[in-house]
Amino acid sequence: MQTEPGDAGAAYLHGANSTEQARLLRRTAANSAAFLLPHLQPGWELLDCGCGVGSITCDFANVIAPGRAVGLDMQGAQIERARRLAVERGARNVKFDIGSVYDLSYADGRFDAVFTNTLFQHLKEPERALAEIRRVLKPGGVVAVADDDHSTVLWEPRTPALTEALRLIARVIAHTGGDVYRARHHRRLLLEAGFVRVSATGTLGTGGVWGSPEETRLFAAWFADQLRAPAGRELMIGQGWTDADSLEAIIGDVLAWGERPDAFFAVLGVAATG
Ligand SMILES: C[S@@+](CC[C@H](N)C(=O)[O-])C[C@H]1O[C@@H](n2cnc3c(N)ncnc32)[C@H](O)[C@@H]1O
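See below:
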């Protein structure tokens, strides 16, 4: 888990290592934000909260040009990668800022659209984040909040190790105030935050579908890195949810799963707009 000073206790399990960045770089506006694209207009200013490596943000910048996309993330390493990605793509109408969704440094009513993808499942105070998002959104602007919901995970072969690994990650996220089953509540959360014309849809793509050898290998390497990350490891062992030997065995099995020619992993997301 990585936290930044002054972030009001925000904790984020996944960090910003190379497998996490590779995992996020697969995401595009087409595969992770198709529900929002029909609402966007050229010339708009859009904020992407918890933008990670900025691959979706850069796609938004193309759609709303000559407007501007702003990506915000609390981890400096992700913002650095996002800025490099914008240069690699020649995207000039995109900007990336370090900051917290709980304390946005933007004026009231500045943005035409605010988007977040797989951020809310990690937040301890989603209502507080939505209040900030609403503050910086123009009256009549569009909000879109998307996450995957872990109850929809499909994976084969359903090995005991992968099952246990998923259970451990869900417990760590819950311990830091998040909820891997929050996505199903997004429509209600938006209504309670005062948004109107709120609707929700199912998505495939936020957590992703992993079904080729390259994909399942990357997924397994990412998962192994997550289980090895010191803060999460310390928590899992410290809480007695597992022990060092069992964790090593789980990691070995997860990596072996990723090499199997029949391995498959997918998770359904929920996106609410208002
Ligand atoms: C799973 S990643 C998703 C990144 C991106 N939205 C995407 O779909 O590719 C979640 C991101 O949210 C960021 N994050 C977590 N808590 C945050 C907070 N309180 N404020 C801003 N960013 C946060 C993390 O640093 C991480 O990069």
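All letters in the sequence shown, in the order written, are residues 37 to 310 by my numbering.
Don't be surprised by glycine CBs; every beta carbon is placed ideally from N, CA and C.
Residue side-chain check: T154 places its Cβ nearer than 7 Å to a non-hydrogen atom of ligand 1.
Annotated as proximal: A149 and V178, with beta-carbon spacing under 8 Å. When the alpha-carbon of L254 is set against those of Y48, A58 and S235, the nearest one is in A58.
Rounded to the nearest angstrom, the gap between the Cα atoms of P266 and M110 is 19 Å.
A210 counts as exposed, since fewer than 16 other C-beta atoms from the protein chains shown sit within 10 angstroms of its C-beta. For a cut-off of 8 Å, the C-beta gap from T237 to A307 is around 6 Å, short enough to register as a contact. At least one heavy atom of ligand 1 falls within 7 Å of the beta-carbon of R63. A direct Cα-to-Cα measurement between D261 and T55 gives close to 7 Å. In chain order, R170 place their CB closer than 7 Å to the CB of G230, counting only its own chain and leaving out the 5 sequence neighbours on each side. In this structure, M272 sits away from L198, with a CB-CB distance that is not shorter than 8 Å. Burial is judged here by how many other beta carbons sit within 10 angstroms of a residue's own beta carbon; N153 has at least 16 and is buried. In this structure, C85 lies away from V130, with their beta-carbon atoms at least 8 Å apart. Proximity of the beta carbon of H222 to ligand 1 is not indicated: no heavy atom of the ligand is located closer than 7 Å. At a cut-off of 7 Å, the beta-carbon of G88 counts as near ligand 1: some heavy atom of the ligand is closer than that.
Per the coordinates, the alpha-carbon of R220 lies some 7 Å from the alpha-carbon of D185.
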